[in-house]
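Position 294 of the sequence shown, counting from 1, maps to 295 under the numbering used here, and the rest follow consecutively. What follows is a set of notes on a single structure, which appears directly below.
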Amino acid sequence: MQQYTYDDFLRDHCTALESMKVPELYWPALHSKLLGKEFDVPQHFELGLLNYTDPESGDVVDKELFVSVKSDEILSSDSDSIFLIDHAWTFELADVRKTLVSNPSLLSRMVNLMCLNEKEINGNESAAVDEFMRKMWKFCHLYQISKPSEVDGDHIVIKKDVWYILDEFGSSIKQSSEPNVRVASFMYVPERLCYSVFWPIVDLHKEDTLYVDWLSAVTDSDKKSLLLLPWEDQDFSDRSSAHSYVLTDDFFSSHKIQESLPEPGAPFVSVCSLPLKVYTDINLVAETLSSPSYEVTEERNEADILWLYSHFRDYKRLSIDSPSVFVNQFPNESVLTVKDMLAALAASERAIEISGPGDAFDLENEGSPKQPLTCSWYPVTFNLFYELSQFVAFFQRQEEEEPWNLGRGLGIFITDNLAQILRLTDSGPMIASRYISDPVLFYREDISSWVKFDVRYVVLLKSVQPLELFAHKVFWLRFANKAFSLDNFDDYAKHFTVMNYREHDELKQVHHDEFIESFEKQYPNVKWKNVEAAIHRTLVDLFTVASAYPPPRGLGDCKQSRAMYAVDLMLEWQRRPDVEKDTCFVMQPQVCEVNFIPDCTRACKYHPEFHNEVFDCLFLNRVSDNLQQLA
Numbered sequence: 002m003q004q005y006t007y008d009d010f011l012r013d014h015c016t017a018l019e020s021m022k023v024p025e026l027y028w029p030a031l032h033s034k035l036l037g038k039e040f041d042v043p044q045h046f047e048l049g050l051l052n053y054t055d056p057e058s059g060d061v062v063d064k065e066l067f068v069s070v071k072s073d074e075i076l077s078s079d080s081d082s083i084f085l086i087d088h089a090w091t092f093e094l095a096d097v098r099k100t101l102v103s104n105p106s107l108l109s110r111m112v113n114l115m116c117l118n119e120k121e122i123n124g125n126e127s128a129a130v131d132e133f134m135r136k137m138w139k140f141c142h143l144y145q146i147s148k149p150s151e152v153d154g155d156h157i158v159i160k161k162d163v164w165y166i167l168d169e170f171g172s173s174i175k176q177s178s179e180p181n182v183r184v185a186s187f188m189y190v191p192e193r194l195c196y197s198v199f200w201p202i203v204d205l206h207k208e209d210t211l212y213v214d215w216l217s218a219v220t221d222s223d224k225k226s227l228l229l230l231p232w233e234d235q236d237f238s239d240r241s242s243a244h245s246y247v248l249t250d251d252f253f254s255s256h257k258i259q260e261s262l263p264e265p266g267a268p269f270v271s272v273c274s275l276p277l278k279v280y281t282d283i284n285l286v287a288e289t290l291s292s293p294s295y296e297v298t299e300e301r302n303e304a305d306i307l308w309l310y311s312h313f314r315d316y317k318r319l320s321i322d323s324p325s326v327f328v329n330q331f332p333n334e335s336v337l338t339v340k341d342m343l344a345a346l347a348a349s350e351r352a353i354e355i356s357g358p359g360d361a362f363d364l365e366n367e368g369s370p371k372q373p374l375t376c377s378w379y380p381v382t383f384n385l386f387y388e389l390s391q392f393v394a395f396f397q398r399q400e401e402e403e404p405w406n407l408g409r410g411l412g413i414f415i416t417d418n419l420a421q422i423l424r425l426t427d428s429g430p431m432i433a434s435r436y437i438s439d440p441v442l443f444y445r446e447d448i449s450s451w452v453k454f455d456v457r458y459v460v461l462l463k464s465v466q467p468l469e470l471f472a473h474k475v476f477w478l479r480f481a482n483k484a485f486s487l488d489n490f491d492d493y494a495k496h497f498t499v500m501n502y503r504e505h506d507e508l509k510q511v512h513h514d515e516f517i518e519s520f521e522k523q524y525p526n527v528k529w530k531n532v533e534a535a536i537h538r539t540l541v542d543l544f545t546v547a548s549a550y551p552p553p554r555g556l557g558d559c560k561q562s563r564a565m566y567a568v569d570l571m572l573e574w575q576r577r578p579d580v581e582k583d584t585c586f587v588m589q590p591q592v593c594e595v596n597f598i599p600d601c602t603r604a605c606k607y608h609p610e611f612h613n614e615v616f617d618c619l620f621l622n623r624v625s626d627n628l629q630q631l632a
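Below, the structure is given as structure tokens:
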């Protein structure tokens, strides 16, 4: 292999080294040590074990490793004072339990590296894995790999999270807000491997303990005190959990995609002649729209209906230049389809006024009523980018550690571990929603288990002002593949219901009419028509709230807009607020998410007229027997 010179090293790593703030003094030595695989930490430093004992019994109750200086001194001015740290384990979060169970030697190394409590583990492999997953968050670190992609014609970069745990030396450097070394990781280009390095920021002397500030990049002192909780226990339970910024126009405006609103007063000209010409970039629509009332065209500029997967932005031009053309989107519909905006909508004063409060409240203030934090149809949710303090306070006030849903783009995590929640924010902005821990379950005879399920309703929105809303009578069901229980939150088959995009997971298919029959047998005191009536009320409330505010906080009114959404809901057992007995519960619908342009493959497979019925309702005012008007 051709010699990898220092000039080559600078060409490939100069920008990274500068961003890591590695002093240029150390760059030549770093190049040399990487080239020669020189892990010389043991020559200059040593591991020590610190035991914590019970003052009365003298028994060891906890222990931890630390790193101290073995050499007489390590000078920050010495160009050789930079050291490589190996990565003991690199992993993706979804694979942690499976990897540890299948690799006992790795599990043993992690147990020893983290000094896990031997009494709690007691030789039990499963207990060791659980204890590791609970304690790992003060030891693991993150880097991200960027991958270019294209979505809706826009070039974007998707970031993949890669977590890692440093070797015994790196993992034993203690967290401190007064550090004496700095640690950073970077990708070594010739090997395409990630290494970590550390260097002194002050002169070190024999027997000095090494300290690093893993949160040195966080400059906000209050936020840092919250993010330090995985390492340093503090109590923030006396703080308020009330929403503030996420209820303002500024918050909604910060999320708003650049759209223009229809020209005020622009006339809407209806098309009288059939067939209506439809331009669509969705193959399934083009293939299944078979009614003679419609003709699919490849020419966008001759279309009467634009049925698009790509985002439509210019409603003003549409209203002026094409006043007779329909489009399948509403201005600012992201208030429904983007999770953190939907959560903010559900926490709004109007939502609570229309639907009633949920079961989460802020601290009681003397002389004032409890302040609800969400409405009845949405789990209490905090935006961790803006509301970290409110969330931590709310979490710490709970009598028991309850699980939470962590959502960010493509990733969803469930955990009752506050340290995990805080560390997951390293990967980017997230929202935390109360996990529905007492869901209504469905008994699957094929696996002899009560499992989680969710239900999807297809809704058609014809108008915002006034609200015109329809629901398809055929609803869709998704089931978990394992019996539900409040443990092993990383077990996808137990806690998640979306299986149709996972190659090796079974997709349980139950048609709505079969489901109703089975459901009423399983719950003989419940009639599905009453449950569905509650779901329909929830759907009306959802769209009423979304229509109650103008953009940027609500849907924009556009006479040329028509839309189809899929609303995913779960049913939760909740105690009736009007009954004091703890034994009186009702099935309360909880909205999970609202989907724009949902996948209708199953709908078209089992109901070939699906798209014809949707288009007839939205564009020709023909309502089939499979549709029901809700508002």
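Note that CB positions come from ideal geometry on N, CA and C, so glycine has one too. Remember, it's a predicted structure, so these values are computed and weren't measured experimentally.
- Per DSSP, the beta-bridge partners of L143 are W164.
- Taking the Cα positions, S464 is about 10 Å away from F471.
- Counting every other CB atom within 10 Å of its CB across the protein chains shown gives I86 a total of 16 or more, marking it as buried.
- Going by C-alpha positions, S311 is about 13 Å away from R301.
- For a cut-off of 8 Å, the C-beta gap from L101 to L107 is around 6 Å, short enough to register as a contact.
- The alpha-carbon of E334 is positioned some 33 Å away from that of F443.
- When DSSP assignments are scanned along the segment 181-208, the uninterrupted stretches of beta strand (DSSP E) that are 3 or more residues long and fall wholly within it turn out to be 182-189, 194-201.
- The continuous alpha helix (DSSP H) containing A420 extends over residues 419-425.
- The Cβ atoms of A344 and C376 do not sit closer than 8 Å to each other.
- Between V328 and D305, the gap from beta carbon to beta carbon reaches 8 Å or more.
- In the three-state reduction of the DSSP assignment, H473 falls in the strand class, which pools E and B.
- Looking at the backbone, the Cα of A567 and that of L508 are separated by about 19 Å.
- Nearest to T602 by C-alpha distance, out of A564, F454, V459, F396, is V459.
- Following the DSSP letters along the chain, one finds W215 in no alpha helix (DSSP H), marked with neither H nor E.
- Ranked by how close their Cα comes to the Cα of V198, the residues K22, L227, S150, S254 have K22 in first place.
- V595 sits away from L275, with the two beta carbons spaced by 8 Å or more.
- When secondary structure is reduced to three states using DSSP, A632 falls in the coil class, being assigned neither helix nor strand.
- Per DSSP, N284 is not a residue of any beta strand (DSSP E); the alpha helix (DSSP H) it occupies stretches across 284-289.
- With distances taken between CA atoms, D73 lies nearest to D204 out of D204, H14, M188.
- A Cβ-Cβ contact shorter than 8 Å links H473 with N627.
- Beta-bridge analysis with DSSP links E334 to no other residue.
- As summarised for the segment 502-587, the continuous alpha helix (DSSP H) elements at least 4 residues long and confined to that stretch are 513-523, 529-549, given in chain order.
- By the C-beta density criterion, R318 is exposed, having fewer than 16 other C-beta atoms within 10 angstroms.
- Shown here for K560: same chain residues with a beta carbon closer than 6 Å to its own, the five before and five after excluded, namely F269 in chain order.
- Non-local C-beta neighbours of R193 in its own chain, meaning closer than 7 Å and more than five positions away in sequence, are absent.
- Cβ atoms of F490 and T416 come within 8 Å of each other, at about 5 Å.
- In terms of Cα proximity to V339, the closest of S226, I432, S428 is I432.
- Across the set E47, F396, Q235, S261, the C-alpha of E47 shows the shortest separation from the C-alpha of H206.
- In this structure, the beta-carbon distance from S548 to Q630 does not fall below 8 Å.
- Between the segment 76-83 and the segment 212-220 there are fewer than three C-beta pairs closer than 8 Å, too few to call the two in contact.
- The DSSP-derived three-state label of K495 is helix.
- Distance from the CA of E296 to the CA of V97, rounded to the nearest whole angstrom, comes to 52 Å.
- F414 and E303 have their C-alpha atoms some 46 Å from each other.
- Three or more beta-carbon pairs separated by less than 8 Å link the segment 443-454 to the segment 519-528, which places the two stretches in contact.
- By the criterion of at least three beta-carbon pairs nearer than 8 Å, the segment 103-120 is not in contact with the segment 219-233.
- Contact annotation: R240 and S390 have beta-carbon atoms nearer than 8 Å.
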